[in-house]
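From first to last, the protein sequence lines stand for chains E and D.
The UniProt record's numbering puts the first residue of the first sequence at 1, with every later residue one more than the last.
The UniProt record's numbering puts the first residue of the second sequence at 1, with every later residue one more than the last.
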Amino acid sequence: MTINLAIVIPFLMAILIPILYRRFTKLHIGWLVLAVPVIIFIMLVRLIPFVAEGHTYSHTYNWIPSLDINFTTYLDGLSMIFGLLITGVGSLVILYSIFYLSAKESLQHFYCYLLLFMGAMLGVVFSDNLMVLYAFWELTSVSSFLLIAFWHHRKASRAGAQKAMLITVTGGVSMLVGFIMLHMMTGSYSVHEIIRNVSQFTDHQLFVPAMILILFGAFTKSAQFPFHIWLPDAMEAPTPVSAYLHSATMVKAGIYLVARLTPIFGGDAIWFWLVTVAGLVTLFWGSFNAVKQTDLKALLAFSTVSQLGLIMSLFGMGSVAFKLGYSDSTIIYTQATFAALFHLVNHSTFKGALFMMVGIVDHELGTRDVRRLGGLMSLMPLTFTVAVIGSLSMAGMPPFNGFLSKEMFFAAAIHMRDLDIFSISSIGILFPVVAWVASIFTFVYCMIIIFKTFFGKPYEKSEGKPIHEAPIGMLVSPIILCVFVVGIFIFPNVLGQYILKPAMASIYPGFAPAEVLTPKIHAWHGINMELLMTIGVVIVGVMLYRKLKTWKPVYRLFPYRFSFNELFRHLLEGLESGSNKVTTSYMTGSLRKYVLYIYLFFIVAVGGYFLFSGGFAYSSANDAPVEIYELMLIIVMLLAGISMLFVKSRLTATLLNGVIGFGVSIFFVIFRAPDLALTQLIVESVTTVLFLLCFSFLPEWKREDSPKSVKISNAVIAGAVGALVVVMSFAVMYYDEFDSISSYFENAYELAGGANIVNTILGDFRGFDTMLEVVVLFIAGLGVYTLIKLKARKEDTDNEN
Amino acid sequence: METLMILLIGVLIAVATYLILSKNLIRVILGTAVLSHAVHLLILTIAGVKKGNVPLLKEAEAPYTDALPQALILTAIVISFAVTAFVLVLAYRTYQSNGTDDLEGLRGQENE
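As structure tokens, this is what we get:
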């Protein structure tokens, strides 16, 4: 129940916030919102011991059982980590945003979207049913879109939001297809059920396509190369949003999915290669590009891309253990997964702090361009401390938590060398090499953050206002995160035993006892390869940073024209202009064309059916006898109809229409329908009067001056439609597979207490229809009235049409 | 009788279609009016004509004519009346604000 509440509360609050916002005008609404993640966080923390003992919690609420879609919440070690991150970082971010966003912004929207996101994200990590997970997954994309475009008056915000939405939703839809394939294979949407039975499906022909489609979704969400391009653009969002969605939580949804599905797909060579290589390439590309950024936030965006790649590649490496099976010598490979989980937590702490630090700098100075910043160390000592702790942790330096996970990452990469499955042996050496090179760039951009912002020439503010430290409220959150950064370094095993151990158990279910899967984390493990690599990173990194100017031209080797951003832009523009062309080619604004499409479709579909099915039937055996006056009436109506086409005056045409109408009413009399005849008489009279009334306002009827070819084609189509209706009517008349339902209504007196059957049908049997008919009449009347009234006002205001 | 009626209806529908395809707004509206006449007759005819007495229980003896199509047509007559009235006023308004009743001239692309 707790977990269901955790998902529901944010949504409820998201609905309430716009209402409460009006009530609490004096109070910053953020304080109310802050209570939500704090309460859920405390609820989750109280469950930690329960989960750490290896228990799981599950609750099912039947939603659409016939489609196998149930609202199943599931709490295990893995969802616990994410739940804690979402609510923990969420609390700090909201606290920070209270001071970051002034009360003038439309706060009710901001917090509504933020709560929507929080609920959706909790839904993603706590859902066991893949369909429910997918729904929440897309909801995170939508709320992310709304939050990126929060300052929607800025063009860049809108563009960034659109890009993020397009890329993540494309991935999401492909993921949905993958989920459906999984269901086709396994007959279940429940992740845990699929995991239990997975061994039966690994040879299924849909196994690999499903895997690739789902990975596509995960990669787009987690900004893996080459889909990373949306993340830097998403930095147009307010900084609290960047810190929360685009660094700590939402972008980790893809990683969550990979971790969650590792028991299903892990052990497959394609999974290993895709996840690991995508991760490593992203790691390198992100860190390499981060160095050239001049905007601090863009730099952090690329660094996030790179760190996400690191975590992703670790999960890839960890999946090898499924292939090898459990033994004392293979347990070492599960440590990659452990490192991934560990780094996941660490990254949220230090990156969250760094984003908030950049937000403070931006907030106080109005710029985050490293070329303009400098010398802030003495002016903003606390911010400086946060920056140093965050950056050094990111660079993998002791005494911060990043050091521990970075070392484990190196260790995992080194172990890959010794493998001889999946034909790794030939290129195994590349794993540690790429890891090491990427870490050097990471080190370099961390130096840029510290030195370019806080050292060197002091920043000159144009207005001459003195620069001062941020208000304490803004500093509380990053400082708390920094305490975690240091605290985790000192007591890593507390985190390991209580949080990471149950998560390992849920990624490797039934693989080995959780104790075996959870290594003891040591800050000092003697001088070994990993330590030497770190020392190498520092030495080369410092050298590269000092010589930055000399090698920076390297970046110009990649012209913008060939970047993925350009590719995306071209693709989008091509799509837009292409669909525009297609649409304008048939949406010409000509009514005749539109009607023509309908008629042609009618002719092709119905005519084609009769042509190929032979469904036509005709017999005049049952026909009623024809009286002479009926024949005369038919001839009169025929003549009236045909001469309507040729008359010169609109008056004549209208009167001919009247002739047809009155002819119809006489037929109603002949065909034993007195009610119809009466109604038709009245309506026909009123319609004719209406036509005549309108003519006094409309111009005289001009001759149709269409070209001959148009007239002929019109005539051909008209003839074809008429003929087709005749054919169809014959076929319908002589079709007697079903009995008529009309005899039911002959009981009208008993059922409805009326002797006139037609009236009882209208007023009783189908009374609701008649009521809606009255509504239609009412709306039409309203329309007529407004259209006439509209004229009077419109004439003197504008003539836009 | 039914055969003849259906042929008449076919001709009326062809006439209506031709009118709807023309350029003049009033012709199009007249076309829809003729079309609804034709369709009303069609519904009644397909059910079979002159197969029984007037569907008034106390006034006539069984068998009765099928009352269901009559009820449907009654609804259709009223609705088509409402639509015709609305479209007529729409045509009037269109002419007032655009100065033309030529549909090709109302395409809203070239002359804007």
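Yeah, the Cβ is synthetic: ideal placement off N, Cα and C, and Gly gets one too.
* Asked: chain E partners of I105 (chain D), CB-CB under 7 Å?
  -> As a first step, residue 105 (chain D) must be located in the second sequence, where it is residue number 105. For the record, residue 105 (chain D) in the displayed sequence is Gly; it is not Ile. Here the premise fails: no neighbours, minimum Cβ distance about 10 Å.
* If you follow the beta strand (DSSP E) that N70 (chain E) is part of, which residue opens it and which one closes it? -> Position 70 of the first sequence, counted from the first residue, corresponds to residue 70 (chain E). I69 to L75 is the span of the beta strand (DSSP E), which, as asked, contains N70 (chain E).
* Under the DSSP definition of a beta bridge, which residues are partnered with S127 (chain E)? -> Position 127 of the first sequence holds residue 127 (chain E). Note: S127 (chain E) sits in a beta bridge opposite E:T73.
* To do: Apply the 10 Å Cβ neighbour rule to Q680 (chain E) and answer buried if 16 or more other Cβ atoms are within range, or exposed otherwise.
  => By one-based count along the first sequence, residue 680 (chain E) stands at place 680. Classification for Q680 (chain E): buried.
* Asked: When the Cα atoms are used, what is the spatial distance from H415 (chain E) to S405 (chain E)?
  -> Locating residue 415 (chain E) in the first sequence gives position 415, counting from the first residue. Locating residue 405 (chain E) in the first sequence gives position 405, counting from the first residue. The alpha-carbon atoms of H415 (chain E) and S405 (chain E) are separated by roughly 15 Å.
* Hey, out of E:G722, E:I81, E:G661 and E:G316, whose CA is closest to L215 (chain E)'s CA? -> Along the first sequence, read from residue 1 onward, the residue named residue 215 (chain E) stands at position 215. Closest by alpha carbon: E:G316.
* Asked: Closest Cβ-Cβ distance between G589 (chain E) and chain D: below 8 Å?
  -> In the first sequence, the residue the question calls residue 589 (chain E) occupies position 589. Taking Cβ atoms only, chain D reaches closer than 8 Å to G589 (chain E), which makes this a yes.
* To do: Tell me whether T3 (chain D) sits in a helix, a strand or coil according to DSSP, three-state version.
  => By one-based count along the second sequence, residue 3 (chain D) stands at place 3. T3 (chain D) falls in the helix class under three-state DSSP.
* Give a yes or no on whether the minimum CB-CB distance between T17 (chain D) and chain E is below 8 Å. => The residue labelled residue 17 (chain D) in the question sits at position 17 within the second sequence. Yes, T17 (chain D) lies at the interface with chain E (some Cβ there is under 8 Å from its Cβ).
* Asked: DSSP on D418 (chain E), reduced to helix/strand/coil?
  -> Here residue 418 (chain E) is taken as the residue at index 418 of the first sequence, counted from 1. Coil, per DSSP.
* To do: Could you list which residues in chain E have their beta carbon closer than 7 Å to that of I79 (chain D), in chain order?
  => Your numbering for residue 79 (chain D) matches position 79 in the second sequence. Those are E773 and V776, listed as they occur along chain E.
* **Test: D798 (chain E) CB closer than 8 Å to a CB of chain D** => Here residue 798 (chain E) refers to the residue found at position 798 when the first sequence is read from its first residue. Unreliable placement is indicated for D798 (chain E), whose pLDDT of 45 sits below 50; the coordinate value is still reported in the next sentence. It does not; no Cβ of chain D falls within 8 Å.
* For the alpha helix (DSSP H) that T534 (chain E) lies in, which residues bound it at each end? -> As a first step, residue 534 (chain E) must be located in the first sequence, where it is residue number 534. M529 to R546 is the span of the alpha helix (DSSP H), which, as asked, contains T534 (chain E).
* Nearest to V358 (chain E) (by Cα), restricted to the options E:I450, E:H59, E:F489 and E:F338 -> By one-based count along the first sequence, residue 358 (chain E) stands at place 358. Of E:I450, E:H59, E:F489 and E:F338, the residue nearest in Cα terms is E:I450.
* Proximity below 8 Å, CB of A71 (chain D) to CB of I761 (chain E) -> Locating residue 71 (chain D) in the second sequence gives position 71, where the first residue counts as 1. Locating residue 761 (chain E) in the first sequence gives position 761, where the first residue counts as 1. Yes, they are a contact pair.
* By how many angstroms is the C-alpha of K552 (chain E) removed from the C-alpha of K457 (chain E)? -> Here the question's residue 457 (chain E) lines up with position 457 in the first sequence. Here the question's residue 552 (chain E) lines up with position 552 in the first sequence. Looking at the two C-alpha atoms, the distance is approximately 21 Å.
* Residue from D:V39, D:E2, D:M1 and D:K58 whose Cα sits closest to the Cα of V15 (chain D) -> Locating residue 15 (chain D) in the second sequence gives position 15, counting from the first residue. Checking every option, the nearest Cα to that of V15 (chain D) belongs to D:V39.
* Asked: Taking only runs of the alpha helix (DSSP H) that begin and end inside the region 215-249 of chain E, which ones reach a length of at least 4 residues, in chain order?
  -> 230-233 and 239-243
* At 7 Å on the CB atoms, spell out the chain E contacts of L35 (chain D), in chain order. => Position 35 of the second sequence, counted from the start, is the residue given in the question as residue 35 (chain D). Residues of chain E passing the Cβ test: none, with the nearest at roughly 10 Å.
* Asked: Are I29 (chain D) and A91 (chain D) touching if we call contact CB-CB under 8 Å?
  -> Stepping through the second sequence from its first residue, residue 29 (chain D) is reached at position 29. Stepping through the second sequence from its first residue, residue 91 (chain D) is reached at position 91. Against a cut-off of 8 Å, the Cβ pair of A91 (chain D) and I29 (chain D) comes out as a contact.
* Asked: I634 (chain E) and L4 (chain D) look like a contact to me (Cβ under 8 Å); what is the Cβ gap, rounded to whole Å?
  -> As a position in the first sequence, residue 634 (chain E) is number 634, starting the count at 1. As a position in the second sequence, residue 4 (chain D) is number 4, starting the count at 1. I634 (chain E) to L4 (chain D), Cβ: 6 Å. Contact.
* Extent of the continuous beta strand (DSSP E) run through Y498 (chain E) -> Residue mapping note: residue 498 (chain E) aligns to position 498 of the first sequence, counting from 1. Looking at the DSSP string, Y498 (chain E) is not in any beta strand (DSSP E), and its letter there is neither H nor E.
* Please state if the CB of F410 (chain E) and the CB of M533 (chain E) are separated by a distance shorter than 8 Å. => The residue you call residue 533 (chain E) lines up with position 533 of the first sequence. The residue you call residue 410 (chain E) lines up with position 410 of the first sequence. Their beta carbons are under 8 Å apart, which means M533 (chain E) touches F410 (chain E) by this criterion.
* Asked: When burial is assigned at 16 or more other CB atoms within 10 Å of the CB, is E61 (chain D) buried or exposed?
  -> Position 61 of the second sequence, counted from the start, is the residue given in the question as residue 61 (chain D). Counting Cβ neighbours within 10 Å, E61 (chain D) comes out exposed, since fewer than 16 surround it.
* What first and last residue would you give for the beta strand (DSSP E) that runs through T654 (chain E)? -> Position 654 of the first sequence holds residue 654 (chain E). Per DSSP, T654 (chain E) belongs to no beta strand (DSSP E); it is in the alpha helix (DSSP H), R650 to I670.
* Three-state class that DSSP yields for N759 (chain E) in the structure shown -> Position 759 of the first sequence, counted from the start, is the residue given in the question as residue 759 (chain E). It is helical.
* Alpha-carbon to alpha-carbon, Y586 (chain E) and T797 (chain E) -> Along the first sequence, one-based indexing puts residue 797 (chain E) at 797. Along the first sequence, one-based indexing puts residue 586 (chain E) at 586. Because the pLDDT of T797 (chain E) is 45, which lies under 50, any placement of that residue in the model is unreliable, and the question is left without a value.
* **Nonlocal neighbours in the same chain, by C-beta distance under 6 Å from L341 (chain E), ignoring five residues either side** => As a position in the first sequence, residue 341 (chain E) is number 341, starting the count at 1. So the qualifying residues of the chain are L500 and A503.
* To do: Taking T202 (chain E) as part of the beta strand (DSSP E), name the residues at either end of that continuous run.
  => In the first sequence, the residue the question calls residue 202 (chain E) occupies position 202. Looking at the DSSP string, T202 (chain E) is not in any beta strand (DSSP E), and its letter there is neither H nor E.
* Simplified DSSP assignment, three categories, for Y57 (chain E) -> Residue numbering aside, residue 57 (chain E) sits at position 57 when the first sequence is read from its first letter. It is a strand residue.
* Looking at the C-beta of A470 (chain E), does it have a partner C-beta in chain D at a distance below 8 Å? -> What you label residue 470 (chain E) is simply residue 470 of the first sequence in a count that begins at 1. False, the Cβ-Cβ gap to chain D never drops below 8 Å.
* Asked: Can you name the residues of chain D whose CB is closer than 7 Å to the CB of M733 (chain E)?
  -> By one-based count along the first sequence, residue 733 (chain E) stands at place 733. The answer, in chain order, is E2 and I46.
* Asked: Among all the DSSP beta bridges, which residues are the ones paired with N24 (chain D)?
  -> By 1-based counting over the second sequence, the position of residue 24 (chain D) is 24. Answer is D:D102, bridged to N24 (chain D).
* Taking Cβ to Cβ, would you say E627 (chain E) is nearer than 8 Å to F662 (chain E)? -> Position 627 of the first sequence, counted from the start, is the residue given in the question as residue 627 (chain E). Position 662 of the first sequence, counted from the start, is the residue given in the question as residue 662 (chain E). No, the Cβ-Cβ distance between E627 (chain E) and F662 (chain E) is not below 8 Å.
* Can you pull the chain E residues whose beta carbon is under 8 Å from the beta carbon of I43 (chain D), in chain order? => Taking the first residue of the second sequence as position 1, residue 43 (chain D) is located at position 43. Neighbours of I43 (chain D) on chain E: none; closest Cβ ~10 Å, over 8 Å.
* Confirm, please, whether the CB-CB distance from A6 (chain E) to L122 (chain E) is below 8 Å. => Counted from its first residue, the first sequence places residue 122 (chain E) at position 122. Counted from its first residue, the first sequence places residue 6 (chain E) at position 6. Yes; because the gap between Cβ atoms is below 8 Å, this pair is in contact.
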